[in-house]
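Student:
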Amino acid sequence: MEEARKAKQAAEGKAKASRQREEAARKQAEEARKKEKAAEEKAKASRQKEEAARKQTEEARKKEKAAEEKAKASYQKEEAARKQTEEARKKEKAAEEKAKASLQKEEAALRKEKEALARAKDLEAGAAEAIRQKEQLEQKANDALRNLALGIQPVVWPTIQELAEAKAKAEYREDKLHFAVCGPSGSGKSSMINALRGLKKNQPGAAKTGVVECTETLHRYPDPRKQMPYPRFVWYDVPGAGTSKIPGWQYFNQQGLYIFDFIILVYDMRFTQIDADILENCKRFKIPAFIVRAKADQHIHNMMLENEDLEYSQARDEFVNETQRDLKSNLREYGLWNEPDPLPLRIVSNGALYDFIKDSEERSIENETGVLLPAAERKGGKKMAQYIDEPALVHDLLKTAYERRYAGKQQTSGGSSAIVAAAAALSDGLSKLGMGATPKS
Ligand SMILES: Nc1nc2c(ncn2[C@@H]2O[C@H](COP(=O)(O)OP(=O)(O)OP(=O)(O)O)[C@@H](O)[C@H]2O)c(=O)[nH]1
Ligand SMILES: [Mg+2]
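Structure below.
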C-alpha cells in the first residue's frame, strides 16, 4: 500500500508537477499572449501613431498647398496690380507725350507765326526800300534826262559780268598788253594798226581799210614781230565812233573799252565831243590814253594846195602848231586839260609811221648782225626830217607799256625772271629805236 500510496503520491506529484508545468506553460502562454497583445497594442499604437503622423503630414501638406495657393493667388493679385500700375504708367506717359507733342505743335505754330510776322516786316521794309530805290531811280532818271537835255552824259559803270564778257570777247590775257585803237569812223585806226604792226594794207593779216565804213566789230591783232616785247602786244581795231550804229557817249562802254591797258584815240579832222567822251572815260577808268591826229600828210598837202607859196616844212610847222593849239583849247573846254601832265598829242601820217617801224626793224637787224642794210627803196624819199611825231608815238607806247606793266612789278616781286627779261628787252627796244630813252626803273 505504501507503494501504491507512494506510487499514488509519485503519480500525484507527477500530476502536480505536470499541472505545475502546464500551469507554467499556460502562464508562459498567457505571458506570451499578453506580450503578443502588448506587442499588438504597441503595434496598433504605433500604427495609430503612424496614421496620426501621416494624417499630420497630410494635413501639413494640405496646409502647405493651401499656403502655396494662397501665395500664388496673392502673387497673381500682385502681378495684376503691377500690370495695372504699369498700364496706368504707360497711359500716363502717353498722355504726357501727347501733351508734349501738342505743346511742341503749339510752339511751332507760334514760331511760324513769329516768322511770318518777321517776314511780313521784312517784306514791308523791302517794299519800303524798293519804293525808296524806285524813287531814287526815278530821281536818277530825271537827273539823267535833265543832264541829257543839258548835254551832260550819264556816268555808267560796267557790271562784273560785263567786265568778264568784254574780257572774254577780247580774249584778254594777263601776260599780254592790250592796245585799243579807237576814235571816230574813218579817222585812220585800221591803217594805223597796220603801220604799227609793220604791215601794208594788202599784206596777209592786215586790217581792212577804206573810205567807206570798214570796221564794224572789234578785231584782235597780235603783234607779228618776234623781238621782245612785241610778242606781248595785242592791237585792237575798234569800230568807229559816232556812226549811226554806235552813238557817241555809249561808245566807250558798248565797246568794252574799260578792259584795255592802253587806249589810242585817233582823230582826223576835228576834235569833237565823241573824242572828249572817250578821254573822259579813260580818266574814269585810269587807262593811259594817247591822242593821235592822223593823216598829217593829207592835211599838210591840202594846206599846200590851198596856199601855193607854202614850203612843205612851213606847212608842216603851221599844221603842227595849229593842231596843238586847237587840241589844247578843246581839252580845256571839255575839262580834260591837266596842266602839269597834259595828255600827249602825237601828229602822224600812216606812211611815215610804217616807214619808221620798218626803219627800226632794219636798225635792230643791223645792230644784231653787224651787217648794214642798203637804204630802203620803199621810203619813197621820206627822211627822218619828215617824220613828225611817229618816233615819239612809238616811244610813248613802249615807255608807258614798260611803266604800266613791268616797272612796279619788277620792284614788288623782287624781279621775276620773265618780267626782268621783258623789261630789259623793252629798254633795249627803245635804245635800238634810237630814242635814247631809258625807261624808269
Ligand atoms: N593820206 C592818208 N590817208 C590815210 C591815212 N590813214 C588812213 N588813211 C586813209 O583813210 C581812209 C580810212 O582809213 P581806215 O584806216 O580804214 O580808217 P578807220 O578809222 O579804220 O575807219 P573805220 O573802220 O570805218 O572806222 C582810208 O582810205 C585810208 O587809206 C594817212 O595817214 N594818210
Ligand atoms: Mg577800220
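Per full-length UniProt numbering, the sequence shown starts with residue 1, numbered consecutively.
Beta carbons: idealized from backbone N, C-alpha and C, even for Gly.
Output yes or no for whether 7 angstroms exceeds the beta carbon distance between residue 209 and residue 185.
Tutor: Contact flag unset, no.
Student: Using a threshold of 6 angstroms, is the CB atom of residue 200 nearer than that to any non-hydrogen atom of ligand 2?
Tutor: no
Student: Looking at the structure shown, is residue 320 part of a helix, part of a strand, or coil, going by DSSP?
Tutor: DSSP places residue 320 within a helical segment (H, G or I) once states are collapsed to three.
Student: When we look at the beta-carbon of residue 293 and count the other beta-carbons within 10 Å, is it buried (16 or more) or exposed?
Tutor: Counting Cβ neighbours within 10 Å, residue 293 comes out buried, since at least 16 surround it.
Student: Judging by CA-CA distance, which residue of 250, 219, 283 is the nearest neighbour of residue 236?
Tutor: 219
Student: Determine whether the beta carbon atoms of residue 195 and residue 353 lie at a separation below 7 angstroms.
Tutor: Judged by beta-carbon spacing, residue 353 lies within the 7 angstroms limit of residue 195, meaning their Cβ atoms are closer than that value.
Student: Okay, do the region 340-347 and the region 283-301 touch, 3+ Cβ pairs below 8 angstroms being the bar?
Tutor: yes
Student: Tell me which same chain residues have a C-beta within less than 7 angstroms of the C-beta of residue 282, skipping the five on either side of it?
Tutor: 263, 289
Student: Using only the heavy atoms of ligand 2, determine whether one of them is closer than 6 angstroms to the beta carbon of residue 189.
Tutor: yes
Student: How many Å lie between residue 526 and residue 230 at the Cα?
Tutor: The shown model of the chain, from 1 to 441, leaves out residue 526, and the question about it has no answer.
Student: When you compare each of 391, 367, 327, 326 to residue 356 by their alpha carbons, which one comes out closest?
Tutor: 391
Student: Say the cut is 6 angstroms; is the CB of residue 241 nearer than that to a heavy atom of ligand 1?
Tutor: no
Student: Find the nearest neighbour of residue 362 within the set 182, 39, 172, 227, judged by alpha-carbon distance.
Tutor: 227
Student: Would you report the Cα separation of residue 313 and residue 297, rounded to the nearest angstrom?
Tutor: In this structure, the CA atom of residue 313 is about 11 angstroms from the CA atom of residue 297.
Student: Do residue 326 and ligand 4 come close, with the Cβ less than 6 angstroms from some heavy atom?
Tutor: Among the ligands in the structure shown, ligand 4 does not appear; only ligand 1 and ligand 2 can be found there.
Student: Let me check you understand the geometry: is the CB of residue 298 closer than 6 angstroms to at least one non-hydrogen atom of ligand 1?
Tutor: Checking every heavy atom of ligand 1 against the Cβ of residue 298, one is found closer than 6 angstroms.
Student: If you measure between the beta carbons of residue 187 and residue 266, is that distance less than 7 angstroms?
Tutor: Yes; because the gap between Cβ atoms is below 7 angstroms, this pair is in contact.
Student: Let me check one thing: in DSSP terms, what residues is residue 220 bridge-paired to?
Tutor: Answer is 236, bridged to residue 220.
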